[in-house]
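Numbering (the numbering used here) for the sequence shown: 2 to 239.
What follows is one structure encoded as structure tokens, with my remarks underneath.
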Amino acid sequence: MNKSSHGTSVGNRLVAFGDSFTQGCGLEKHINHLSQHGQYSKKAYPSVTASFLSTDRHNPIPFESVNRGMGGYANCEILDEILNYDIQPNDIALIMWTSPLREAYMLAEDGTLSAAWNHTMAYEDSPFQQIYFENYQSIVAVYKRLERTLYIADSYLKQKCKAVIHIPGPWFKIYDPDTNTPPEDTFDFHLYEWHNFEHVLQPFNQLDVAPFDEHFGISSHKNLARILQDYIQTHIAQ
2 MNKSSHGTSV GNRLVAFGDS FTQGCGLEKH INHLSQHGQY SKKAYPSVTA
52 SFLSTDRHNP IPFESVNRGM GGYANCEILD EILNYDIQPN DIALIMWTSP
102 LREAYMLAED GTLSAAWNHT MAYEDSPFQQ IYFENYQSIV AVYKRLERTL
152 YIADSYLKQK CKAVIHIPGP WFKIYDPDTN TPPEDTFDFH LYEWHNFEHV
202 LQPFNQLDVA PFDEHFGISS HKNLARILQD YIQTHIAQ
């Protein structure tokens, strides 16, 4: 049993980082984009995965879960959360990466930092943001930032915890190996190669809608939790 820097005992833990999907927005009435940091749903995949691992009748492995997801986070903010969290040697880090087009850091007209959901939505609300994106952003730049962000997160966490599992959100799809083209419902091209990392789940689809908004529903979270349970038992857990 390890000790954290706060003096509490730490056994096997899943520590999940991500956006509203990880936080579990929409699964419960009080968990939404107005939730405070640290508020999350126990119906979301981090808690459900820990429960599945702990209660497996064939191979139970006691796990706790920590949910550091936050609605509205962009990948740079997910990385900030990773770098500021006290990760422990027995932890397995789960990182649900969000759309690369969701930009978080940009300048407002008064020179302060502002937040924008993505290129398209920014255009609807602010001509200034439209000019900013058109002059300083590009799809290539967006994906190069994603590349650097993933590399930093993976390199940092691998030195500190048991394993890092990258979970490309439903915005990412894998190219068809026969035609070398992505599915019609995804980006026109995919610049980053996930095989650079040791543990990567396949992108997945939304199975249902959450009870309280349009986020992913309970069946979607349970399905991801089963995939994670199988992956952890097969590839990581001793």
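We treat Cβ as the ideally placed atom computed from N, Cα and C, and that holds for glycine.
{"Item": "Using the beta-carbon count (16 or more within 10 Å), is Q24 buried or exposed?", "Value": "buried"}
{"Item": "Whole angstroms is fine: what's the gap from L158's alpha carbon to F64's?", "Value": "19 Å"}
{"Item": "Check E148 in the structure and name its three-state DSSP category.", "Value": "helix"}
{"Item": "Would you please state the rounded distance, in angstroms, between the beta carbons of M97 and A211? I believe it to be under 8 Å.", "Value": "No, M97 and A211 are not in contact; Cβ-Cβ is about 15 Å, not under 8 Å."}
{"Item": "Once DSSP output is grouped into helix, strand and coil, what is the label at S221?", "Value": "helix"}
{"Item": "Quick one: grab the DSSP three-state call for H167.", "Value": "strand"}
{"Item": "Taking just the CA atoms, how far does F22 sit from E78?", "Value": "15 Å"}
{"Item": "Report the three-state DSSP secondary structure of Y176 (helix, strand or coil).", "Value": "With a pLDDT of 46 at Y176, under the threshold of 50, the modelled position of that residue is not reliable, and no figure is offered here."}
{"Item": "Quick one: what's got a C-beta closer than 7 Å to P47's C-beta in the same chain, skipping five residues either side?", "Value": "L15, A17, T23, S66, N68, L95"}
{"Item": "Give a yes or no on whether the C-beta atoms belonging to I93 and I166 are separated by under 8 Å.", "Value": "yes"}
{"Item": "For I219, which residues in the same chain have their Cβ closer than 8 Å to its Cβ, ignoring the five residues on either side in sequence?", "Value": "L28, K44, D209, A211, P212"}
{"Item": "State buried or exposed for L84, treating a residue as buried only when at least 16 other CB atoms are found within 10 Å of its CB.", "Value": "exposed"}
{"Item": "Considering only residues of the same chain and omitting the five flanking positions on each side of C26, which have a CB-CB separation below 6 Å?", "Value": "I32, N33, G72, H216"}
{"Item": "Can you tell me where the alpha helix (DSSP H) with F53 in it begins and where it stops?", "Value": "46-56"}
{"Item": "Keeping to the same chain, check which residues put their C-beta closer than 7 Å to that of K223; ignore five residues upstream and five downstream.", "Value": "V49"}
{"Item": "Given P171, which residues of its chain have a CB within under 7 Å of its CB, disregarding the five upstream and five downstream residues?", "Value": "P204, F205, N206, Q207"}
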